[in-house]
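A.B. asks: Here you go, one structure.
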Amino acid sequence: MRVFNFSAGPSALPLSVLEQAQKELLNYENSGMSITEMSHRGKVFMKVNEEANSLLRELMNIPEDYSVLFVQGGASQQFAAVPLNLLSNGKADYILTGSFAQKAYEEGTKYGDMSVAASSKDANYTFIPNMSDVKFRDGIDYVHTTWNNTIFGTRYTELPKTNATIVSDMSSCILSEEIDVKNFGLIYAGAQKNIAPAGLTIVIVKKELLGKAMPICPTMLNYAIHDKNDSLYNTPPCFPIYVSMLVFRWLKQLGGVKAIQEINREKAKMLYDFIDNSSFYTNKVNVKDRSIMNVPFVSPSVELDAKFVSEATSAGLVSLKGHRLVGGMRASIYNAMPIEGVKALIEFMKKFEMENK
Ligand SMILES: Cc1ncc(COP(=O)(O)O)c(C=O)c1O
């Protein structure tokens, strides 16, 4: 009795992954215990840690001169970890494209001279600023971007024009489309949307940026420490790392990021085309900047929005309520959402429109 789960995060995982985790829960690879019950320094878990790491490298084509770290504290912890590790000149520029970008900026101001290079706040973050128009200060340590804006349903399609290190929060789009890691100095992402249960945060960082942390940087936020210890400096989030390994295997078997990108683009196109051709539903995001992971939309009234969410839930289409900053509905259609889920949503939207026009 599984529903179609459109939650923005934590989010749906592939059914086959959940089934595999269920099958192995009591006795992982003949160890006589669960993966959640054993030492993270034992051979069995170390193998899981290594496989998860190397599969992510393979899937994202991560160059040798980058480290992949598995840490904790969510993407929110990275709002502090990034400046604490990367500020050698003491200043960085931020592009504000949503509330998580705003939070990253505010956290950053505790540690250095931060400046807002561009913002779409005045338009309730319905677009990504045009990169050709965004200018950065000289001598900055990095430019911070939020590649996909989970709440507002936008995503970057262009890199900022700068020679400075580009940092990107990819929490809600990691592994959804092909990206060239080499364009970024650091990528971070909470795992709970496209990768695993909550509790794991991925950091992909160019090795040359390591070892320059500010003296006040807490040990647990210091990338160089995690790198030196293969992400096992302290007890890691073992179960999310294990599930991430299963998800990476699933994705590899599917054909990798190239294959899921095609599926994701098709799912998003179907939904946006339907919305655009309807006089009942509206998506307010600048077309070029539309996210393929999070699709916000509204009906003609707040009352109908509430009715939509309630009736959709009864029909097995859950977690469609929009974020309070945007209102209406939001369909998060991450990697694990099958195309059938999007088709079912569109069918429901058609029926709801007919009954409520
Ligand atoms: C783009 C983005 N950044 C940061 C966060 C915060 O992540 P966490 O809850 O893992 O700290 C989220 C959460 O939804 C997000 O979508």
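Adding 37 to a residue's 1-based position in the sequence shown gives its number in my numbering.
Just so it is clear, CB atoms sit at the ideal spot from N, CA and C, and this is done for glycine as well.
#1: Does the beta-carbon of LYS230, which I'm using as the reference point, lie nearer than 8 Å to any heavy atom of ligand 1?
#2: Relative to ligand 1, is the shortest distance from any of its heavy atoms to the C-beta of ALA233 smaller than 8 Å?
#3: Let me have the residue list for ligand 1: C-beta closer than 6 Å to any non-hydrogen atom, ordered along the chain.
#4: According to the neighbour-count rule (16 or more other Cβ atoms, all chains shown, within 10 Å of its Cβ), is ASN64 buried or exposed?
#5: Evaluate GLY364 with the Cβ neighbour count: other Cβ atoms within 10 Å of its Cβ, from every protein chain shown; 16 or more gives buried, anything less gives exposed.
#6: Can you check whether the CB of PHE164 is closer than 9 Å to the CB of PRO197?
#7: Can you find at least 3 beta carbon pairs, one from the region 237-244 and one from the region 184-200, that sit closer than 8 Å?
#8: Please report the straight-line C-alpha distance between GLY222 and MET391, rounded to a whole angstrom.
#9: The alpha helix (DSSP H) with ALA89 in it runs from where to where?
#10: For the candidate residues LEU308, SER328, VAL332, SER347, whose alpha-carbon lies nearest to that of LYS387?
#11: Helix, strand or coil for LYS295? Go by DSSP, reduced to three states.
#12: List in chain order: all unbroken alpha helix (DSSP H) runs of 4+ residues lying wholly within the region 41-76.
#13: Can the beta-carbon of SER356 be found less than 9 Å from the beta-carbon of SER369?
#14: Using the rule of at least 16 other Cβ atoms within 10 Å of the residue's Cβ for burial, across every protein chain shown, is LEU212 buried or exposed?
#15: Please go through the same chain and pick out, in chain order, the residues whose beta-carbon is closer than 7 Å to the beta-carbon of TRP184, but skip the five residues on each side of it.
#16: Quickly, what does DSSP pair SER104 with across the bridge? List them, please.
#17: So is ARG78 buried or exposed if we call it buried at 16+ other beta carbons inside 10 Å?
#18: Measure from the alpha carbon of TYR142 to the alpha carbon of each residue in ASN122, PHE116, ALA155, then state which is nearest.
#19: Nearest to GLU88 by CA position, among SER76, PHE107, GLU74, is which residue?
#20: With 16 as the cutoff for other CB atoms within 10 Å, does ASP326 come out buried or exposed?
#21: Assuming the contact rule is C-beta atoms closer than 8 Å, ILE376 and GLU303 should be a hit. Round their C-beta distance to whole Å, please.
#22: With distances taken from CA atoms, which of ALA343, PRO51, ASN122 is nearest ASP264?
#23: CB-CB under 8 Å to GLY127, same chain, minus the five flanking residues each way: which ones, in chain order?
#24: Whole angstroms are fine: how far does the CA of MET366 sit from the CA of LEU62?
#25: Could you please give the first and the last residue of the uninterrupted alpha helix (DSSP H) stretch that includes ASN393?
#26: The beta strand (DSSP E) spanning ALA154 covers which residue range?
#27: So, at 6 Å on beta carbons, what are the nonlocal neighbours of LEU283 in its own chain, with the 5 sequence-adjacent residues on each side left out?
#28: On a CA-only basis, which of ALA305, ILE99, LEU50 is nearest ILE383? Give me that one, please.
#29: My output table needs one value for PHE164: the three-state DSSP class, helix, strand or coil.
#30: Please confirm whether SER268 and ILE232 have their CB atoms less than 9 Å apart.
#31: Considering only the beta carbon of each residue, do GLY187 and LYS230 sit closer than 9 Å?
C.D. replies: With the given structure in hand:
#1: Mapped onto the sequence shown, residue 230 falls at position 193. At least one heavy atom of ligand 1 is nearer than 8 Å to the Cβ of LYS230, so yes.
#2: Within the sequence shown, residue 233 is the residue found at index 196, counting from 1. No, since every heavy atom of ligand 1 falls outside the 8 Å radius drawn around the Cβ of ALA233.
#3: GLY46, GLY111, ALA112, SER113, PHE137, THR183, THR187, ASP206, SER208, SER209, GLY227
#4: As a working mapping, residue 64 is identified with position 27 in the sequence shown. ASN64 is exposed by the Cβ-count criterion.
#5: One-based indexing of the sequence shown puts residue 364 at position 327. Flag for GLY364 reads exposed.
#6: Within the sequence shown, the letter at position 160 stands for residue 197. Within the sequence shown, the letter at position 127 stands for residue 164. Not in contact: PRO197 and PHE164 (Cβ atoms no closer than 9 Å).
#7: no
#8: Counted from its first residue, the sequence shown places residue 222 at position 185. Counted from its first residue, the sequence shown places residue 391 at position 354. The alpha-carbon atoms of GLY222 and MET391 are separated by roughly 50 Å.
#9: Taking the sequence shown and counting its residues from 1, the one referred to as residue 89 is at position 52. Per DSSP, ALA89 belongs to the alpha helix (DSSP H) from 80-97.
#10: Position 350 of the sequence shown, counted from the first residue, corresponds to residue 387. Answer by Cα proximity: LEU308.
#11: Locating residue 295 in the sequence shown gives position 258, where the first residue counts as 1. Taken through DSSP and simplified to helix, strand or coil, LYS295 comes out as helix.
#12: 52-61
#13: Residue numbering aside, residue 356 sits at position 319 when the sequence shown is read from its first letter. Residue numbering aside, residue 369 sits at position 332 when the sequence shown is read from its first letter. In contact: SER356 and SER369 (Cβ atoms closer than 9 Å).
#14: Translated into positions along the sequence shown, residue 212 becomes position 175. Label assigned to LEU212: buried.
#15: On the sequence shown, residue 184 is found 147 positions in, with the first residue counted as 1. Taking TRP184 as the centre and dropping the five residues before and after it, the same chain places the C-beta of ARG192, TYR193, SER205, ASP206, MET207, CYS210 closer than 7 Å to its C-beta, in chain order.
#16: One-based indexing of the sequence shown puts residue 104 at position 67. Paired residue(s): VAL242.
#17: Position 41 of the sequence shown holds residue 78. Residue burial is scored here from C-beta neighbours: ARG78 has fewer than 16 other C-beta atoms within 10 angstroms and is therefore classed as exposed.
#18: Residue mapping note: residue 142 aligns to position 105 of the sequence shown, counting from 1. Ranked by how close their Cα comes to the Cα of TYR142, the residues ASN122, PHE116, ALA155 have PHE116 in first place.
#19: For this step, residue 88 is matched to residue 51 along the sequence shown. When only C-alpha atoms are compared, the closest one is PHE107.
#20: Here residue 326 refers to the residue found at position 289 of the sequence shown. With 16 or more Cβ atoms within 10 Å of its Cβ, ASP326 is classed as buried.
#21: Counting from one through the sequence shown, the residue named residue 376 turns up at place 339. Counting from one through the sequence shown, the residue named residue 303 turns up at place 266. About 7 Å separates the two Cβ atoms, so the contact holds.
#22: As a first step, residue 264 is located in the sequence shown; it is residue number 227 there, counting from the start. Cα-wise, what sits closest to ASP264 is ASN122.
#23: Your numbering for residue 127 matches position 90 in the sequence shown. Excluding positions up to five away in sequence, the list reads GLY149, ASP150, ASP178.
#24: For the purposes of this step, residue 62 is identified with residue 25 of the sequence shown, where counting begins at 1. For the purposes of this step, residue 366 is identified with residue 329 of the sequence shown, where counting begins at 1. Their backbone Cα atoms lie some 35 Å apart in a straight line.
#25: Start at 1 with the first residue of the sequence shown, and residue 393 comes out as number 356. Residue range 376-393 is occupied by the alpha helix (DSSP H) that includes ASN393.
#26: The residue labelled residue 154 in the question sits at position 117 within the sequence shown. That run of the beta strand (DSSP E) goes 150-156.
#27: Stepping through the sequence shown from its first residue, residue 283 is reached at position 246. Closer than 6 Å at Cβ, skipping near neighbours: VAL54, GLN57.
#28: Along the sequence shown, read from residue 1 onward, the residue named residue 383 stands at position 346. Here the closest residue by C-alpha is ALA305.
#29: Residue numbering aside, residue 164 sits at position 127 when the sequence shown is read from its first letter. In the three-state scheme derived from DSSP, where H, G and I count as helix and E and B as strand, PHE164 is classed as coil.
#30: As a first step, residue 268 must be located in the sequence shown, where it is residue number 231. As a first step, residue 232 must be located in the sequence shown, where it is residue number 195. Contact flag unset, no.
#31: Residue 187 sits at position 150 when you count from the first residue of the sequence shown. Residue 230 sits at position 193 when you count from the first residue of the sequence shown. In the sequence under discussion, the amino acid at residue 187 is Thr, which differs from the Gly named in the question. Cβ atoms of THR187 and LYS230: closer than 9 Å.
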